[in-house]
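Structure, as structure tokens:
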Amino acid sequence: MKQFLKFFLASTLGTLVSLFLIVLIVIGMIASMLTFSSKEITKVEDKTILELRFDKPIVDRSPTNPFAGFNWQSMENNEPTGLDDIIKNIVKAGHDEKIAGLFLNLSDIAAQPATLEDIRNELLKFKETGKFIIAYGETLSQKAYYIATVADQIFLQPEGSIDFKGLMAQVMFYKNLLDKVGVEPQVIRHGKFKSAVEPFMLNKMSEANRDQTARFIGTIWDNMIKQMADSRSIEIPRMNQLADSLVAEEGNTALNAGLIDGLSYYDEVLDDLKTKIGVMSDDSLTLLSFEDYFMANDPVKKKSIRSKKIAVIYAVGEIESGDGDDKTIGSDRIAAAIRKARLDDKVRAIVLRVNSP
């Protein structure tokens, strides 16, 4: 009995300690959420440079769930950034007299091609205000380089490289594996271009699937290469040749090919930024992050015209029955949103923004 009580008390104590730690973690998370929500408005100083990193996944719209990007194992929050918020910040910076320019501090960007193009187009509009854009990276992925080419100047770390090599697509096939384990899939499809089931019935791409895949990624690449070539003042055939030859894998060859404007370390780029805005000391250089600038007042924010509104409904992810969530298109939730907008006398039109596989 004594031994039983000993183990019982030890087990109870362990449970209480665990519950206490969980309560502390939850309180800490709630406190940090409240701190963020009540964060003071950021004051923007004169000659401020807005720094954009794009180091978090980019989705169509910032998630409404505050725990959307929370990793319970590492206890870190990697909440995605909404494209809508990125565009708002860039537009706001373009009209803000205290923002001297943009600094694109890039590496890789977790975003789809259409999302990247939206960001790039907004950066082009920002340049029309007469403000500068400088891009820098220790290494640049192809997505990051696509965004960087909108800049007035691109600087690469002297030992860095650019992953500039074009687009590709590959498919994993399971037919041989299924044959070995004795599994025979029952496939129903109509039309040779319905290729979703091919991995289970073939051991290589069909000609129809190869053709449609090549056309699909070819269209995306043609659009990307044209925009990059125009921004870098390089002919499209030459840009394709540079991608095929992998010259951007080394900084010197990328510089000689005209893909970048210089090889510089981070502190040297900061010196260039100081020169652009006419300051000398490090204390005078103000780099403002995306998150902090989001909390700054919009200098030209206009009151909405409440008698005439356009409703934007986001349909993101796979379509499913029920309410769904931020990553799926729930039939009930989308239908309810459309119905609400339809019955609102102040709504003059509905924009349905679809991003679905």
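To convert, count from 1 in the sequence shown and add 595; that's the numbering used here. Here a beta-carbon is modelled for each residue, glycine too, at the ideal position from N, C-alpha and C.
Between E646 and S884 a beta carbon distance of about 6 Å is seen, short of the 8 Å cut, so the two are scored as contacting. Taking C-beta atoms under 8 Å as the contact rule, A730 and I714 fail to qualify, at a distance of about 13 Å. In the three-state reduction of the DSSP assignment, N835 falls in the helix class. Of the residues assessed, N673 falls on the exposed side of the cut-off, its CB having fewer than 16 other CB atoms within 10 angstroms. Rounded to the nearest angstrom, the gap between the Cα atoms of S879 and A891 is 19 Å. By the C-beta criterion, the region 676-683 is judged not to be in contact with the region 725-744, since fewer than 3 inter-stretch pairs fall below 8 Å. Residue state for N892 is assigned as coil, using DSSP reduced to three classes. F759 carries a coil assignment under DSSP once its states are collapsed to helix, strand and coil. Straight across, the Cα-Cα distance linking L947 with S916 is about 18 Å. Taken atom to atom, the span from the alpha-carbon of A824 to that of I831 is near 6 Å. Taken through DSSP and simplified to helix, strand or coil, G917 comes out as coil. Taking 8 Å as the cut-off, the beta carbon of I945 is found closer than this to the beta carbon of I908. Inter-segment contact for the region 776-788 and the region 844-856 is absent: fewer than three beta-carbon pairs are separated by less than 8 Å. Considering only S736, G786, L697, T808, the residue with the shortest C-alpha distance to D867 is L697. Residue state for T808 is assigned as helix, using DSSP reduced to three classes. A Cβ-Cβ separation of about 26 Å leaves L865 out of contact with A852 under the 8 Å criterion.
Per the C-alpha coordinates, the member of L773, N684, D774, N804 positioned closest to F788 is N804. DSSP lists E646, I729 as the bridge partner or partners of F698.
One Cα belongs to D703, the other to F649, and the distance between them is close to 8 Å. For I908, the enclosing beta strand (DSSP E) stretches over residues 904-911. Exclusion of the five residues before and after I682 leaves D713, I714, E717 as the residues of its chain whose Cβ lies within less than 8 Å of its Cβ. Annotated three-state conformation of L880 is coil, per DSSP.
Judged by DSSP secondary structure, F750 falls within the beta strand (DSSP E) whose first and last residues are 748-751.
Listed in chain order, the non-local C-beta contacts of D641 below 7 Å within the same chain comprise K693, local neighbours out to five positions each way being set aside. Per DSSP, the continuous beta strand (DSSP E) segment holding A944 begins and ends at 942-950. DSSP places I924 in the uninterrupted beta strand (DSSP E) bounded by 923-925.
Between the alpha carbons of W816 and D862 lies a distance of about 34 Å.
Excluding its 5 nearest sequence neighbours in each direction, P652 has C-beta neighbours in its own chain below 8 Å: G664, N673, P675, T676, A705, A706, listed in chain order. With fewer than 16 other Cβ atoms inside 10 Å of its own Cβ, F811 counts as exposed. Assignment of I653 by DSSP, reduced to helix, strand and coil, places it in the strand class. Closest in alpha carbon position to I742, among K941, I636, L699, is L699. Taking C-alpha positions only, S756 is separated from N847 by approximately 9 Å.
Judged by DSSP in its simplified three-state form, G853 adopts coil rather than helix or strand.
Secondary structure note for H690: its alpha helix (DSSP H) is the uninterrupted segment 678-690. Assignment of L772 by DSSP, reduced to helix, strand and coil, places it in the helix class. Note on Q737: 16 or more other CB atoms within 10 angstroms of its CB, so buried under the neighbour-count rule.
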